[in-house]
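Protein chains in written order, with the numbering used here: chain D, 1 to 175; chain G, 176 to 285. Just so you know, even glycine gets a beta-carbon here, dropped at the ideal spot from N, CA and C. Step one of this worksheet: look at the structure below.
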Amino acid sequence: MTPIEAKQPRDAKKASKFSRAFLLKLELRSHPELLCVVRGALEPLMETIGFSAEHNRAIIRAVDEAVSNIMRHSYQGRPDQPIELYCNRLQHSANGEKEEGIEILLFDCGPAVDTTKIQPRPLDEIRPGGLGLHIIRGSMDTVEYKRAGRLNRLRLVKFTRLSKGDCGPAEEKSS
Amino acid sequence: MKISARKVDQATILDVSGNIDMSNSPEVRRALLRELREKGVTRVALNLTSVNYIDSSGVASLVEGLKASRETGSRFVLFGLNDSAREVLKISRLLKLFEVYDDEAQAMAS
C-alpha cells in the first residue's frame, strides 16, 4: 500500500447515482518527464471506452494540465513526490438513454490549496501563464477540488453524451 | 521533443517535433527568444506539423514569442497545427491572436 493509498479518503469510493467501475490506477512521481507517460496511458483507455477523438483529446488535455499543476504548484517543482491517478467508468441510465463517462481522481500530498488564490486569470490579458485552469474547465464537464484529510483530491468527469450540448472547446463560454 | 532552426530567405523556420509540455517548453521559449530578440530575425515561423501535443506551458512560450515579436517589430507566425494544438489555443482564446497558416508555403507567402 502506497503512502497516498493509505490515506485515501473514503469518499473517493462513495457511490453516486452513477454506477462506478474501477478501470485503472497510476502511481507516479512528480517528475515532468512522466507527463507523457500519463498521456500515453490514458489515450488507449479512452479509445477503449468509446470516447470520440475530440473528447479523448479533451480528457488527456485536462489530466495533463492537472498533473502539471500538482507538479508545479502543490509540490513546488520537487520531482520525487507521489501522485496517484484513478480512472473509473461511470454509467447511468435515464429516460431510456444510457449515459457513460469517465471519472478521474487525482491525489497528491501537497499542502492544502487555497481555492481563492487559484482563480483563472482573465483571458483578455495577453500574457503567458495562468491558462491551465481554463484549459481544465474548458475540457471537462465536472471539475471539483477537495481537501480530503491530508490529501488534495481533484475530481474530473467527462461524459460521452451530454444533456447540456456540445462539449468541445469552450471558447465562447464565460468562466 | 526536438527543435531545429533553418533559414529561408530572410526568415527563420523553427521545426519542432514531438510533444511540448512543461518538461521541455522552456526550450521552445529559448529558441523563439533567441531568434526574435538576440538575432533580430524579422520573421520567425514555428513549424508545428510534427507536434502531437502542446500544453499550457507550451502555449505560454508561444505567447512570449508573440510579445517579443511585437516589441521588436518582427513577425511571428505558426503553421502546421493539428487539432489538438488548435483546440488548446481556442480554449485559451489565443487562436485569433496568432498568425496561423496551414503549411510552410502559405506561411512563407504571407
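Counting only beta-carbon atoms, is ILE59/D nearer than 8 angstroms to chain G? On the first sequence, residue 59/D is found 59 positions in, with the first residue counted as 1. No, no contact with chain G.
By the criterion of Cβ-Cβ separation under 9 angstroms, what are the contact partners of ILE195/G in chain D? Working through the second sequence from its first residue, we reach residue 195/G at position 20. Near ILE195/G there are no residues of chain D at all, since even the closest Cβ is about 11 angstroms away, more than 9 angstroms.
Interface residues of the region 131-148 of chain D facing chain G [CB-CB below 8 angstroms]: LEU131, GLY132, HIS134, ILE135, GLY138 and SER139
In the DSSP assignment, what are the bridge partners of HIS92/D? As a working note, residue 92/D is residue 92 in the first sequence. Bridge partners of HIS92/D: GLU99/D.
Per DSSP, what are the beta-bridge partners of LEU151/D in this structure? Numbered from its first residue, the first sequence carries residue 151/D at position 151. Looking at the DSSP assignment, LEU151/D forms a beta bridge with ALA148/D.
Please work out which residues of its chain come closer than 6 angstroms, Cβ to Cβ, to MET46/D, disregarding the five sequence neighbours upstream and downstream, and give them in chain order. Position 46 of the first sequence, counted from the first residue, corresponds to residue 46/D. For MET46/D, where only same-chain residues beyond five positions count, the Cβ hits under 6 angstroms are ASN56 and ILE59.
Identify the residues that DSSP records as bridge partners of PHE107/D: which are they? Reading the first sequence from its first residue, position 107 is the one you call residue 107/D. Looking at the DSSP assignment, PHE107/D forms a beta bridge with GLU84/D and ARG153/D.
Go to VAL113/D, then tell me how far its beta strand (DSSP E) extends in each direction, as first and last residue. Walking along the first sequence from the start, residue 113/D turns up at place 113. Note, VAL113/D: premise wrong, no beta strand (DSSP E); not H, not E.
So is ALA206/G in contact with chain D if we call contact Cβ pairs under 8 angstroms? Reading the second sequence from its first residue, position 31 is the one you call residue 206/G. Output row for ALA206/G: interface = no.
Rounded to whole angstroms, what's the CA-CA distance from GLU84/D to ARG209/G? Just pull it up for me. As a first step, residue 84/D is located in the first sequence; it is residue number 84 there, counting from the start. As a first step, residue 209/G is located in the second sequence; it is residue number 34 there, counting from the start. GLU84/D and ARG209/G: Cα-Cα distance of roughly 38 angstroms.
Please name the residue in GLY240/G, PHE254/G and ASN222/G whose C-alpha comes closest to that of THR248/G. Sequence index remark: in the second sequence, residue 248/G carries index 73 (1-based). Note that residue 248/G is Gly in the sequence shown, not Thr. The candidate whose alpha carbon is nearest that of GLY248/G is GLY240/G.
So which of SER285/G, GLU279/G, ALA243/G and SER231/G has the shortest CA-CA distance to LEU269/G? Residue 269/G sits at position 94 when you count from the first residue of the second sequence. Ranking the options by Cα distance to LEU269/G, first place goes to SER231/G.
Answer with yes or no whether the minimum CB distance from ARG72/D to chain G is below 8 angstroms. Residue mapping note: residue 72/D aligns to position 72 of the first sequence, counting from 1. Yes - at least one Cβ of chain G is within 8 angstroms of the one on ARG72/D.
Could you name the residues that DSSP lists as bridge partners for VAL275/G? On the second sequence, residue 275/G is found 100 positions in, with the first residue counted as 1. Answer is LEU253/G, bridged to VAL275/G.
Against chain D, with Cβ distances strictly below 8 angstroms, would ALA243/G count as a contact? Within the second sequence, residue 243/G is the residue found at index 68, counting from 1. With 8 angstroms as the cut-off, ALA243/G does not count as an interface residue toward chain D.
I need the straight-line Cα distance from ASP141/D to GLY40/D, nearest angstrom please. As a first step, residue 141/D must be located in the first sequence, where it is residue number 141. As a first step, residue 40/D must be located in the first sequence, where it is residue number 40. Roughly 22 angstroms separates the two Cα atoms.
Taking PRO82/D as the query, report the chain G residues whose CB atoms sit under 8 angstroms from its CB, ordered along the chain. On the first sequence, position 82 is the one that residue 82/D refers to. Residues of chain G passing the Cβ test: none, with the nearest at roughly 18 angstroms.
Mapping the DSSP letters down to three states, classify ASP258/G as helix, strand or coil. For this step, residue 258/G is matched to residue 83 along the second sequence. Of the three classes helix, strand and coil, the one that applies to ASP258/G here is helix, per DSSP.
Report the neighbours of GLU33/D on chain G: residues whose CB is nearer than 7 angstroms to its CB, in chain order. In the first sequence, counting from the first residue as 1, residue 33/D sits at position 33. Going along chain G in sequence order, the residues near GLU33/D (Cβ under 7 angstroms) are SER198.
Could you tell me whether the Cβ atoms of SER200/G and SER225/G are closer together than 8 angstroms? Stepping through the second sequence from its first residue, residue 200/G is reached at position 25. Stepping through the second sequence from its first residue, residue 225/G is reached at position 50. No, Cβ-Cβ distance for SER200/G and SER225/G is not below 8 angstroms.
Segments assigned beta strand (DSSP E), at least 3 residues, entirely inside the region 192-246 of chain G: 218-229
Quick one: which chain G residues come within Cβ less than 8 angstroms of SER68/D? The residue labelled residue 68/D in the question sits at position 68 within the first sequence. Result: ASP196, MET197, ASP230, SER231 and SER232.
Check whether the Cβ of VAL203/G sits closer than 7 angstroms to any heavy atom of the ligand NAD, and report yes or no. Ligands in the displayed structure: none, and consequently the ligand NAD is not present.
Report the option in ALA62/D, LEU154/D, PRO32/D and ASN95/D whose CA atom is closest to the CA atom of ARG78/D. Mapped onto the first sequence, residue 78/D falls at position 78. Checking every option, the nearest Cα to that of ARG78/D belongs to PRO32/D.
Taking Cβ positions only, does GLU171/D come closer than 8 angstroms to chain G? Against the first sequence, residue 171/D aligns to sequence position 171. Unreliable positioning characterises GLU171/D in this predicted model, as indicated by a pLDDT of 40, which lies under 50. The coordinate reading is nonetheless provided below. Yes, contact with chain G.
Pairs of beta-carbons, one from the region 213-223 of chain G and one from the region 243-257 of chain G, closer than 8 angstroms: are there three or more? yes
Chain-ordered chain G contacts of ARG39/D [CB-CB under 7 angstroms]: Translated into positions along the first sequence, residue 39/D becomes position 39. Chain G residues near ARG39/D: TYR228.
Within the same chain, show all residues whose beta-carbon is closer than 7 angstroms to that of LEU256/G, passing over the 5 residues directly before and after it, in chain order. Along the second sequence, one-based indexing puts residue 256/G at 81. Result list for LEU256/G: LEU223 and VAL275, in chain order.
In whole angstroms, give me the CA-to-CA distance for SER74/D and LEU105/D. Residue numbering aside, residue 74/D sits at position 74 when the first sequence is read from its first letter. Residue numbering aside, residue 105/D sits at position 105 when the first sequence is read from its first letter. Looking at the two C-alpha atoms, the distance is approximately 16 angstroms.
Are the C-beta atoms of ILE266/G and some chain D residue less than 8 angstroms apart? Start at 1 with the first residue of the second sequence, and residue 266/G comes out as number 91. Taking Cβ atoms only, chain D reaches closer than 8 angstroms to ILE266/G, which makes this a yes.
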